[in-house]
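Just so you know, we're using the working numbering here: the sequence shown kicks off at 131 and counts up by one.
The beta carbon of each residue, even a glycine, is placed where N, CA and C say it ideally should be.
Please read all numbers here as calculations on a predicted model, not as lab measurements.
Read the structure below first, then the notes.
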Amino acid sequence: MQEQRENQKLTHLNAEGEAQMVDISKKQSTRREAIAVGRVRMSAETLAAIAAGNTPKGDVIATAKLAGIMAAKQTANLIPLCHPLALHKIEVQLTPDPQLPGYQIQASVTTKAETGVEMEALTAVSIAALTLYDMAKALEKSMAIEAIYLLSKTGGKSGDYFHQQAT
């Protein structure tokens with residue numbers, strides 16, 4: 131693993147070590163998909179209130195899904211060296227998990243472009259989680275946003291990637 135890292139070049143740095151936007155103009159446009167996941171841990175009481183629709187700010191889940199979709203579309207405005215991309219599909223799911231207790235969040239982003247959509251999927255999960263927190267913080271301020279990571283990515287020159295927990 132260490133040897134693999136040593137052979138990889140940080141493409142967002144120029145020869146002087148300064149940040150730069152990577153030139154993707156010569157890359158092939160291919161289908162790319164990324165899936166990111168995360169979770170929001172909360173009390174069983176807060177989970178039940180959200181499921182029942184008993185929250186002061188309205189529909190927590192619908193709002194968090196919409197926020198995640200909007201966030202994926204704004205990733206290039208939020209992450210300095212991300213390329214703006216035409217996104218062809220964005221799906222955000224929030225699934226109640228009584229064992230946690232809380233919500234499991236998953237975002238899937240698809241495009242046909244010269245670069246991947248990992249950051250868009252991660253941004254969607256992050257903002258969906260933050261929105262869930264914001265919508266329910268009147269019920270519980272001790273909720274915890276946890277374990278946001280890239281689950282998988284397909285397409286592109288670097289090949290496919292699957293997080294070790296996904297296998």
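Is it a yes or a no for the stretch 143–158 touching the stretch 190–197, going by three-plus beta-carbon pairs under 8 Å?
no
For the alpha helix (DSSP H) containing aspartate 264, list its first residue and its last residue.
Your numbering for residue 264 matches position 134 in the sequence shown. Residues 248–266.
According to DSSP, glutamine 234 sits in a beta bridge with which residue or residues?
Here residue 234 refers to the residue found at position 104 when the sequence shown is read from its first residue. DSSP output for glutamine 234 lists Arg169 and Thr225 as bridge partner(s).
In chain order, what residues of the same chain lie with their CB nearer than 8 Å to the CB of glycine 285, ignoring the 5 residues before and after it?
Start at 1 with the first residue of the sequence shown, and residue 285 comes out as number 155. Within the same chain, glycine 285 has close Cβ partners Thr160, Arg161, Arg162, Glu163 and Gly246.
What is the residue span of the beta strand (DSSP E) that isoleucine 278 lies within?
By one-based count along the sequence shown, residue 278 stands at place 148. Where isoleucine 278 is concerned, the enclosing beta strand (DSSP E) stretches over 274–284.
Per DSSP, which residues does threonine 245 bridge with? Please list them.
Taking the sequence shown and counting its residues from 1, one reaches residue 245 at position 115. Beta-bridge pairing links threonine 245 to no other residue.
Are the beta-carbon atoms of alanine 266 and alanine 179 separated by less than 9 Å?
In the sequence shown, residue 266 corresponds to position 136, counting from 1. In the sequence shown, residue 179 corresponds to position 49, counting from 1. Cβ atoms of alanine 266 and alanine 179: closer than 9 Å.
Can you find the residues in the same chain that come closer than 6 Å, C-beta to C-beta, to isoleucine 220, ignoring five residues on each side of it along the sequence?
Mapped onto the sequence shown, residue 220 falls at position 90. Around isoleucine 220: Ile199, Ala202 and Val239.
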